[in-house]
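Protein chains: 6
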Amino acid sequence: MTESWLRTPEWSWNRMSSGCEFVHQWVKPLKEGVSHPDVIIYGAPISRSSISVSGASLYPDEFRKMWKKFATYNLEEDVDLSTLKVIDAGDVVMHTTDILLSHQHIEEATSFLVGEYPGSTTCMIGGDHSVTACAVRGIKKEFPNERIGILQLDTHLDVRDPKELGPANGTPIRQLIDGDVVQGKHVVNIGLHGYYNGKSLIDYAKEKEIQMVPLKKARKQGIIETAQSSLQYLAENVDRIYVTVDMDVLDISAAPGVPASTTGGLMPNELFEVLLEIGKHPLVKHIDFVCLDPSRDSLVEETVKIGVHAWLQFMTGRTFRG
Amino acid sequence: MTESWLRTPEWSWNRMSSGCEFVHQWVKPLKEGVSHPDVIIYGAPISRSSISVSGASLYPDEFRKMWKKFATYNLEEDVDLSTLKVIDAGDVVMHTTDILLSHQHIEEATSFLVGEYPGSTTCMIGGDHSVTACAVRGIKKEFPNERIGILQLDTHLDVRDPKELGPANGTPIRQLIDGDVVQGKHVVNIGLHGYYNGKSLIDYAKEKEIQMVPLKKARKQGIIETAQSSLQYLAENVDRIYVTVDMDVLDISAAPGVPASTTGGLMPNELFEVLLEIGKHPLVKHIDFVCLDPSRDSLVEETVKIGVHAWLQFMTGRTFRG
Amino acid sequence: MTESWLRTPEWSWNRMSSGCEFVHQWVKPLKEGVSHPDVIIYGAPISRSSISVSGASLYPDEFRKMWKKFATYNLEEDVDLSTLKVIDAGDVVMHTTDILLSHQHIEEATSFLVGEYPGSTTCMIGGDHSVTACAVRGIKKEFPNERIGILQLDTHLDVRDPKELGPANGTPIRQLIDGDVVQGKHVVNIGLHGYYNGKSLIDYAKEKEIQMVPLKKARKQGIIETAQSSLQYLAENVDRIYVTVDMDVLDISAAPGVPASTTGGLMPNELFEVLLEIGKHPLVKHIDFVCLDPSRDSLVEETVKIGVHAWLQFMTGRTFRG
Amino acid sequence: MTESWLRTPEWSWNRMSSGCEFVHQWVKPLKEGVSHPDVIIYGAPISRSSISVSGASLYPDEFRKMWKKFATYNLEEDVDLSTLKVIDAGDVVMHTTDILLSHQHIEEATSFLVGEYPGSTTCMIGGDHSVTACAVRGIKKEFPNERIGILQLDTHLDVRDPKELGPANGTPIRQLIDGDVVQGKHVVNIGLHGYYNGKSLIDYAKEKEIQMVPLKKARKQGIIETAQSSLQYLAENVDRIYVTVDMDVLDISAAPGVPASTTGGLMPNELFEVLLEIGKHPLVKHIDFVCLDPSRDSLVEETVKIGVHAWLQFMTGRTFRG
Amino acid sequence: MTESWLRTPEWSWNRMSSGCEFVHQWVKPLKEGVSHPDVIIYGAPISRSSISVSGASLYPDEFRKMWKKFATYNLEEDVDLSTLKVIDAGDVVMHTTDILLSHQHIEEATSFLVGEYPGSTTCMIGGDHSVTACAVRGIKKEFPNERIGILQLDTHLDVRDPKELGPANGTPIRQLIDGDVVQGKHVVNIGLHGYYNGKSLIDYAKEKEIQMVPLKKARKQGIIETAQSSLQYLAENVDRIYVTVDMDVLDISAAPGVPASTTGGLMPNELFEVLLEIGKHPLVKHIDFVCLDPSRDSLVEETVKIGVHAWLQFMTGRTFRG
Amino acid sequence: MTESWLRTPEWSWNRMSSGCEFVHQWVKPLKEGVSHPDVIIYGAPISRSSISVSGASLYPDEFRKMWKKFATYNLEEDVDLSTLKVIDAGDVVMHTTDILLSHQHIEEATSFLVGEYPGSTTCMIGGDHSVTACAVRGIKKEFPNERIGILQLDTHLDVRDPKELGPANGTPIRQLIDGDVVQGKHVVNIGLHGYYNGKSLIDYAKEKEIQMVPLKKARKQGIIETAQSSLQYLAENVDRIYVTVDMDVLDISAAPGVPASTTGGLMPNELFEVLLEIGKHPLVKHIDFVCLDPSRDSLVEETVKIGVHAWLQFMTGRTFRG
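Residue numbers (the UniProt record's numbering), protein chains in the order written: chain V, 1 to 322; chain Y, 1 to 322; chain R, 1 to 322; chain P, 1 to 322; chain C, 1 to 322; chain A, 1 to 322.
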């Protein structure tokens, strides 16, 4: 800029300052060639596979735009996140109307990333919950001999029948179990509560030995303790843990931007505590955050802010690994 | 429908599916002639008797429309609600401008239902809080020799003077006490807090020995324990318990659809726990839910959802009776 | 209902009253077997084929629910709509994730209806704009030797390339032209304005001889006169006219529930005038209304109300045919 | 105030400044004893007589609070309103639950004011439309030998049957006609349009010779000309004219704070033009503004602003009288 | 990007595509060194000088972000805007609390730009209306011997006394007149209406011979004709014309994002027509758009969209100059 | 008022009733000359010193308007607040554009009040957080030999550099420390959490020995205990305690009207408990509440309600002092 009273406009804000105090200054694009990243982020912007209307496809962009409002320093844990190397691999390319092709892209992109960066933790930003089945299949393809366990934070079981609905967002866990990618007993669901799963789905879950930890029970034994014991159970039975966070696990009063959220759900602070524990566990190699629809968020974008905060809690935990 | 790609439109949705997994499939209209129902629902859609502007008259309809989003299975208690027989007796007919006549209809409809189905638990869906006085009078007419106790969940005492206001929504408890239908000492109010009752009303309550359990005290001794000891106190002193839930007992941050809600109120999960206990108690034969104004609710209708969830918690408790 | 102070609940409201003064009392379900209906309504509830996030799939239901707020008497024209026989054939069955299958259902359902009721005018309620291509193909299948003209009220040309996007909502007119179902010169678009079509799309339209009538020109020569001359042009060149109303033709200030609406668009009264003229024309045998997303509407549902009013204007015009 | 950096708080804002440039500085309370006022304002804050939920009872207060945002100078007409003497007589006292008593108060207060200040023009601020019947009866009581004509700006006829609904807001015109207070042929309704009056109501209006001027016709002959010819018609047939403005005559896109407004209605500028003409006419001795519900208004309170602007247009016209 | 199913994230969207069909692809940053630009854009993001709370400082960024939704082709005029060379000089640097310094920056930046690019048309994007006084002074400094005329589109005169308020947004025109930068008779204000300017301000305007064209008069003689005759009047009396568009000239129903907008204002289409004329006039060398507060806009951002559309209308007119 | 059915309008509501049950009846204007008040309220309505857009300048008025919805009786503590004498000194006079002058007014007004009423507790209602530095300097001027301690409830440290930003709302604590008015070790901040302070600010705080009590730690040791031990720490080290409550310490889900609130913050009930303890402590002689922007509040004004409730909790504690 030639004159000092003029400043380059917003469109290049994220490279504007030279510091590293804020998240948007810390995360680097994949093309900058950071070697051995600790964490890789990528977006899966699809929600036309959602049973009900959803704009979760808009979340990856809104997630990134919100970064500049967050510092990289966690005051409560006295931890500086910027000691971790994080790259953003961008978004998986989606087709406008061919859902199967889009799903295949997610699967292939995930395979590529976990193959190319086997030492990195992947964070996929959805998109509706259908993307989880794609990502897990992509990982399985790269590591066919490993048992994959799933820690699911969700109000719903997501075991509706893909034969009826296709690969929609109500079906990912069933796709993986019926497709022999993951065993039912290697799925732990924390966050179930209330009256939000029909009896036939509960029957399926019981039959497949999905480990259901209703929220009332989790609260009685302690939310953190529940996370820890669930991780330990999985660690004893599988080779790698995939964590999927359906943001509808949050209580409806706290998360207007998650259309499927219900009353009686997890409070944000509970979610933050759980993610800190999850971040610490060495077997957790993959995490996704799904079903957050920014187009339904409040004017102050509180749900997107919870989304970024939640991810940073996972990152804080991640710094505690050896 | 003649062709398979065409489906009957929405207007008959509630009979569309043959299953019984969702609440709208479970509850039967009175005219279907279910015998010996466990529970009877009826609406009292009036709110022009409210001191401040209220659309609580719209709640009975919105309450029913929301049923299809709730399953009949309670995952946290592992209970199947559909073991209970529930009928919907419809709405009490209201006059457009004659408030006294409308109130009389509520009284008569209640008398009819409790007389016709003495073994059933009644759930009245308001309407503003004026309807409670009508219903209790209707019950008293059928059971003149029984002492009726009231368990009130409310931010307010509702003992303003009907001589000044007429039978408005700020007066029901005083109507019943001054009218010798219920004794002051047989009224327990849980949920009072903050700065929302003037000194003269508190003086009246003390004089009439209304049992006031402010929220701070209830939280100190445990919300569930407070519910249990309140029920026990009433059980030792009355013949039947009428529970009235003024939804303004909820904290304003959780319940935008209750215009009179305040800060410092009950959180939804606290209400849910209390209602589970209330549902279990054999002497609780009547319950109402009042003052929820759907026209003020948020776009995601969170308050109506809390309303249905709250009622289902009562129903879950109800399944635990012998 | 056994007692007079109780009324059957809302879920059967549409059969509650015996009169015929309101729209929900006037329109009959297909299964009631009305013979020789003047008009047939059917819904095409799909919007996962939309390029941007859309809840237009919710419109058919909201359209019907709004009927009870509209009388069948048009005071301005002194016309009683109830002289027309109208049936509602319900909604085309959609698959949750298979967009191509859903589109095929729309095509087949349309073929069935226009074949079974050749003398009736069809009104399809979308859905996003992709449904128009399906419907026109369905009609063409039944009347392969007829030239079909399209009168399009739209802010956009909708001639993006289906080779790139698949059968998405930006492509229907191009699908029909490139697929030799309709000739470019038999498409008249009224409502184009401003800066909402890229140059390459305008080049395509010019090449294919699409008749573009920008809004400024239409207003200069009179909106009604524009409608009349457009209809006359088509009448002289085709055998039947299909009208497609993309609700995004409306000005953004009037239609919050149409996500793609823009500033500078048609005002509701202008749309109403045009539809009255269209309704009168004997060659107009099909009409659709698309892209209205009720989930984005204002609290007073003004866009859905405009949608019903617009359809009734067409119906008023329809009564003027011989 | 003792120190110059401290200012008396808001609660006395309306007496804060000594000027007379704004409306709140211009209008004087009745108790200040202004003699021979040109115009008298009074509020009728009732809306529990409304068929549907309404907060129109809140309008008189919001109307007054908005005054400070309006200057007393009309730039377009180059007129200084402060040449008129205006007093505010306050609000009619309402009972909380006794609608008939409240209505009687309106009637008596109106009688008192028109009797005490026969040379003044009265402006009543409602309230729902039921208040008009009360006010006209109150005037008739003072001037029993005068024929009263009504100029009604309204989307609805308001001739529903008081035998069925009581004195609700859908009935005032019929109350007056059936009660022989006003003759049907002395009622002119401008603003009727669309599909918002059932056939039976239109039949009643025709039978009673209510002069219906649908909006389409009014626009064709000119809105101002319609107002003028309607006033002239009344002036030739009655002794005094009462104007009632149901704010639901406004188009829904412009007036979110009028729950019953519809699409196709009067645009604010059209209303403003009409009111200027009405204000000029010497036989117009009374006007009311009803059915504006501030609790439904937009955040920028645009409907209340339209309400004040509309009243000021009437006042501008009033300055043109000799 | 290494793999084809991954796409660079949003943060560099504006360079993502290679075409030039959309506005964000057309406008070039100043640093790219475009020579002899036809038009220069720069932002003046300040609104703490506003009398009432305003977030107009956020507009320059939101203005630019909206560009990607607008094509460069004007369909109504059949004009391709991309024939013009446009550069974006970025935002003037503002101090957080020193308003005078910020204002000085605007003045200096404007001087720099008009001095460096004397043949270019400047478009300043505010900010509140205080920025206009700064810009005009900056121009005057570069061209001290030229008479500057102002064409103001505004609901207000903006001649409040800077002696009392400092250089606030209610004072710019008076600053310029009292400061002998511009003569009162060289200011033409179109858009004044209603009751939004106190008598003392009107007296000042009359005394200084400000040319006031109230909206009613403008509409009577034709909005376009009014614009043309105003431009002609100025062209006959000054050397260069500065146009300032206070977006509060828009009607409140169309522009929720302008806190000071009022009822009775300019409709967007009227503004668009006027700006087309203004763009054509060779003496118009500067334009600004002020007082649009994106933080108050509706969810669909209709006011920002109007803002971009309005600017493009000016640009369309600009293409018609020789 | 001459006739009994007419009531004086709203503009004098606060003197309407003779009782003392509500807050607006209890607080007296300074000019009424109450001697030896226990508590003095004054407003500091400025927010143009805020870094981001803020309407906190509107809070003092909205705070007072809300009083009439609060009773003076605290039911949970069984305490009658009206035993305290409270005066409202009005608002500090602000200049429209001269921020430094406005700040100086706050300083002088505070000096005047604490000098004139040395035995009273002062409550300043902001305004943005810049006002705290002014008030503390004003107190220091009157009591130059006393050490002032600050108990800060805040999500942020507010130690950004005034050399860069001027006396903006991000700088007050640093102004006071760098200005030698308060020592860093005499500042205790409760409420810090998450990722909302950059590392360089935390480094400054550590260097200056600001006592940081992150929320997680506070919750672990008990919120009340944290308040008590913080007050005790200050009591042992300073002569008087100034409490500053930045309302952005509240969780974003509870406080929509605080633009800078974040997720993970204090819940209202936690704040209420803390303020009760603070009110009790004899060394707390000053308190302020800042950064609440009523123009961003929800329709039910829940944040303003929390603001009044919070202040009343402090007042309740105040009654417990000897």
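Don't be surprised by glycine CBs; every beta carbon is placed ideally from N, CA and C.
Quick caveat, the model's predicted, so the values are computed rather than measured.
- prompt: Taking 7 Å as the line, does the beta carbon of Gly179/Y fall inside it for any heavy atom of the ligand GDP?
  reply: Ligands are entirely absent from the displayed structure, and the ligand GDP is therefore not among its contents.
His309/R: contacting residues in chain P (beta-carbon distance under 9 Å): In the third sequence, the residue the question calls residue 309/R occupies position 309. Neighbours of His309/R on chain P, chain order: Gly194, Tyr195, Thr262, Thr263 and Gly264.
Residue 324/V versus Leu165/V - alpha carbon distance: The requested residue 324/V is not part of the displayed model; chain V covers only 1 to 322.
Segment contact, 8 Å Cβ cut-off, at least three pairs: the region 299 to 308 of chain V with the region 55 to 69 of chain V: yes
- request: Name the two residues that bound the continuous beta strand (DSSP E) containing Asp88/A.
  value: Position 88 of the sixth sequence holds residue 88/A. Where Asp88/A is concerned, the enclosing beta strand (DSSP E) stretches over Val86 to Val92.
query: Are Asp180/C and Asp246/C closer than 8 Å when you measure CB to CB?
result: As a first step, residue 180/C must be located in the fifth sequence, where it is residue number 180. As a first step, residue 246/C must be located in the fifth sequence, where it is residue number 246. It is not a contact, given that the beta carbons lie outside the stated cut-off.
- prompt: Where does Thr97/R land, buried or exposed, given buried means 16+ other C-beta within 10 angstroms?
  reply: Here residue 97/R corresponds to residue number 97 of the third sequence, with the count starting at 1. Per the 10 Å Cβ criterion, buried.
field: Within 8 Å, strictly: CB atoms of Ala89/P and Leu30/P
entry: In the fourth sequence, residue 89/P corresponds to position 89, counting from 1. In the fourth sequence, residue 30/P corresponds to position 30, counting from 1. Result yes, Cβ atoms of Ala89/P and Leu30/P sit closer than 8 Å.
task: Could you check the C-alpha separation between Lys216/A and Ala254/A for me, to the nearest Å?
output: Along the sixth sequence, read from residue 1 onward, the residue named residue 216/A stands at position 216. Along the sixth sequence, read from residue 1 onward, the residue named residue 254/A stands at position 254. Cα-Cα distance, rounded: 18 Å.
Cβ shell of His309/V (< 8 Å), same chain only, five flanking positions each side left out: Counting from 1 along the first sequence, the entry for residue 309/V is found at position 309. Only Phe70, Pro268 and Phe272 meet the Cβ criterion.
message: Distance cutoff 8 Å, beta carbons only. Does Thr110/P sit that close to anything in chain R?
response: Within the fourth sequence, the letter at position 110 stands for residue 110/P. Cβ-Cβ to chain R under 8 Å: no for Thr110/P.
query: Below 8 Å between beta carbons: does that hold for Glu142/R and Gly115/R?
result: Along the third sequence, read from residue 1 onward, the residue named residue 142/R stands at position 142. Along the third sequence, read from residue 1 onward, the residue named residue 115/R stands at position 115. Contact: yes.
field: Nearest-angstrom Cα separation, counted from Leu292/R out to Asp158/R
entry: The residue given as residue 158/R occupies position 158 in the third sequence. The residue given as residue 292/R occupies position 292 in the third sequence. Rounded to whole angstroms, Asp158/R to Leu292/R spans 16 Å at the Cα level.
field: chain V contact for Ala71/Y (CB, 8 Å cutoff)
entry: Position 71 of the second sequence holds residue 71/Y. Chain V, which has a Cβ nearer than 8 Å to the Cβ of Ala71/Y, makes this yes.
field: Three-way DSSP call (helix, strand, coil) for Ile51/A in this model
entry: In the sixth sequence, counting from the first residue as 1, residue 51/A sits at position 51. Coil at Ile51/A, not helix or strand.
- prompt: If Val243/P sits next to Leu100/P, beta carbons under 8 Å apart, how far is it from one beta carbon to the other, in whole angstroms?
  reply: Along the fourth sequence, read from residue 1 onward, the residue named residue 243/P stands at position 243. Along the fourth sequence, read from residue 1 onward, the residue named residue 100/P stands at position 100. With a Cβ gap of about 26 Å, Val243/P and Leu100/P do not count as contacting.
Chain C residues whose Cβ lies nearer than 9 Å to that of Lys305/P: By one-based count along the fourth sequence, residue 305/P stands at place 305. Residues of chain C passing the Cβ test: Ile252, Thr262 and Thr263.
field: C-beta contact flag for His95/V and Pro167/V at 8 Å
entry: Within the first sequence, numbered from 1, the residue matching residue 95/V stands at position 95. Within the first sequence, numbered from 1, the residue matching residue 167/V stands at position 167. No.
- prompt: When the Cα of Gly257/R is compared with those of Pro37/R, Gly33/R, Ala56/R and Glu21/R, which residue comes out closest?
  reply: Residue mapping note: residue 257/R aligns to position 257 of the third sequence, counting from 1. Nearest of Pro37/R, Gly33/R, Ala56/R and Glu21/R to Gly257/R, Cα basis: Ala56/R.
message: In chain order, what are the residue ranges of uninterrupted alpha helix (DSSP H) at least 4 long that sit wholly in the region 120 to 184 of chain A?
response: 130 to 142, 162 to 165 and 172 to 178
field: Contact residues within the region 73 to 94 of chain P, judged by C-beta distance below 7 Å to chain C
entry: Tyr73, Asn74, Leu75, Glu76 and Asp80
query: At a Cβ threshold of 8 Å, is Ile51/R touching chain V?
result: Counting from 1 along the third sequence, the entry for residue 51/R is found at position 51. Chain V, which has a Cβ nearer than 8 Å to the Cβ of Ile51/R, makes this yes.
- prompt: Is the beta carbon of Pro294/V sitting closer than 8 Å to the one on Glu62/V?
  reply: The residue you call residue 294/V lines up with position 294 of the first sequence. The residue you call residue 62/V lines up with position 62 of the first sequence. The answer is yes: Cβ separation under 8 Å.
- request: Would you kindly work out how many angstroms separate the C-alpha atoms of Val188/A and Met212/A, rounded to a whole number?
  value: Taking the sixth sequence and counting its residues from 1, the one referred to as residue 188/A is at position 188. Taking the sixth sequence and counting its residues from 1, the one referred to as residue 212/A is at position 212. Distance between the alpha carbons of Val188/A and Met212/A: 6 Å.
message: Buried or exposed, going by whether 16 or more other CB atoms sit within 10 Å of the CB of Phe320/C?
response: The residue given as residue 320/C occupies position 320 in the fifth sequence. Burial call: exposed.
message: Check this for me: beta carbons of Val39/C and Cys123/C, under 8 Å apart or not?
response: To locate residue 39/C, count along the fifth sequence from 1; it is residue 39. To locate residue 123/C, count along the fifth sequence from 1; it is residue 123. For Val39/C and Cys123/C, yes; Cβs fall inside 8 Å.
Neighbour flag for Val249/C against chain R, beta carbons, 8 Å: Here residue 249/C is taken as the residue at index 249 of the fifth sequence, counted from 1. Answer no: the Cβ-Cβ gap between Val249/C and chain R never drops below 8 Å.
task: Determine, using beta carbons only, whether residue 341/A comes closer than 8 Å to chain V.
output: In the structure as shown, chain A starts at 1 and stops at 322, and residue 341/A therefore has no counterpart that could be examined.
message: For chain C, check one thing: does any of its Cβ atoms lie closer than 8 Å to the Cβ of Leu292/P?
response: To locate residue 292/P, count along the fourth sequence from 1; it is residue 292. With 8 Å as the cut-off, Leu292/P does not count as an interface residue toward chain C.
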